[in-house]
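Oh and the first sequence: position 14 is 79 in this note's numbering, straight run, nothing missing. In this text, a Cβ means the ideal position worked out from N, Cα and C, and glycines have one as well.
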Amino acid sequence: MKESAPSATDHGPGTTDVLIRYYQQMLLRLGPQGWWPARTRLGVILGAILTQSTSWTNVELAMRRLRRAGLLTLERLRRATRAEIEAAVRPAGFYRQKAETIRAFITWLDRCSLGSLNVLLARPSQDLRRELLRLRGLGPETVDAILLYAGRRPFFVADAYTRRILSRHGLAPKGATYDTVQDFLHRHLPPDPELFNEFHALLVEVGKRHCKRQAACCQGCPLEEFLPGGRPAC
DNA sequence: GTCCAGGGCCTAC
DNA sequence: GTAGGCCATGGA
């Protein structure tokens, strides 16, 4: 079988230990992150859509506007116009696309899961993931965030920070795809939703503080001591 | 003024 | 298959 995409580096049986040490170090330095900061499963799903390429502060602005407009229930979202949803989610950016994604999700939920998040989230994990990925506007990262944070399923959200940090630490090749990095983490971590939840949240926090897209990083980073050769990899 | 954010889609090559 | 453009707002 030909493998065209760069594969994550397999460090053998010790890889799990390495990853757990990363996790423990971040947890020790930063403490529990308390993700996902939404009150309901619907809130988690809306947040997952709104946070696409958007800072969480802007997502919070949009969520507040949704709440003020009474749009944080399925019943109200069904009756809301496109313009109402667009106006509420505007601070999160890409507001036309995101409003349309929200409407598409609600329509699909009504058609395929009796309009019930209980019914939806009771479906088998792989089947549910495959179906969600078919919805326009839901890519792998958003779907996995929904599965992990709303459905408590063990899908690691291998977002840009996760890929960047693992790459800079030599655990994944530069340019590794979402699926490659997620598969790597799934092979080397116990399938524990609580672990995936906290691990991902910690990686994002470290990424925001120390691993920006272009900036040099590592100074003061909780993971600095783990860098290959003890030197900055970035 | 510039960069960036807890992505995803589409098109051209 | 993949690189590049586009979608958009708000904070640093």
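Contacts around residue i, its chain only, beta-carbon distance under 8 Å, and the 5 residues preceding and following it disregarded
i: Ile114; result: Lys163, Thr166, Ile167, Phe170, Gly202, Leu203, Thr207
i: Thr105; result: Leu137
i: Cys286; result: Val271, Arg274, His275, Cys276
i: Tyr226; result: Leu268, Val269, Val271, Gly272, Lys273, Cys276
i: Arg188; result: Ser178, Glu196
i: Leu306; result: Outside the displayed span of the chain (66 to 299) sits residue 306, for which this structure offers no information.
i: Leu7; result: Here the chain comprises residues numbered 66 to 299, so residue 7 is not present and cannot be evaluated.
i: Gly158; result: Ser118, Thr119, Asn123
i: Ile230; result: Leu268, Val271, Gly272, Cys276, Leu288
Residue burial classification, residue i (beta-carbon count within 10 angstroms, cutoff 16)
i: Leu111; result: buried
i: Val154; result: buried
i: Val184; result: exposed
i: Arg218; result: buried
i: Arg228; result: buried
i: His265; result: buried
i: Thr116; result: buried
i: Asp224; result: buried
i: Gly216; result: buried
i: Ala70; result: Below a pLDDT of 50, predicted positions are generally treated as unreliable, and Ala70, at 47, falls in that range; the measurement from the model is reported next regardless. Exposed: under 16 other Cβ atoms inside 10 Å.
i: Arg233; result: buried
i: Thr245; result: buried
i: Gln247; result: buried
i: Met66; result: Its pLDDT being 34, under 50, Met66 is placed unreliably in this model, and the value from its coordinates should be taken loosely. So Met66 counts as exposed.
i: Gly79; result: exposed
Residues of its chain near residue i, where Cβ-Cβ distance is below 7 Å and the 5 sequence neighbours each way are ignored
i: Leu213; result: Phe220, Val222, Pro258, Phe261, Asn262
i: Arg161; result: Glu151
i: Ala103; result: Val109, Gly112
i: Trp101; result: Val109, Gly112, Tyr214
i: Leu197; result: Leu203, Val208, Ile211
i: Ala145; result: Leu136
Supposed contact pair residue j and residue i - C-beta distance, whole angstroms, cut 8 Å
i: Gln98; j: Glu270; result: 6 Å
i: His251; j: Thr81; result: That belief does not hold up - the Cβ atoms of His251 and Thr81 are roughly 11 Å apart, past 8 Å.
i: Leu236; j: Leu92; result: 18 Å between Cβ atoms; not a contact.
i: Gly180; j: Leu174; result: 6 Å
6 Å Cβ shell around residue i - same chain, five flanking residues per side excluded
i: Ile85; result: none
i: Arg94; result: Pro287
i: Pro256; result: Pro219
i: Glu125; result: none
i: Pro205; result: Tyr243
i: Ser190; result: Arg218
i: Ala127; result: Leu115, Val154, Pro156, Ala157
Contact test: residue i Cβ vs the ligand NAP heavy atom, cutoff 8 Å
i: Leu93; result: This structure lacks the ligand NAP, and indeed carries no ligand of any kind.
Note to self: Count Cβ pairs between the region 115 to 135 and the region 147 to 164 that sit closer than 8 Å; are there 3 or more?
What the structure shows: Touching, yes, given that three or more Cβ pairs across the two stretches are closer than 8 Å.
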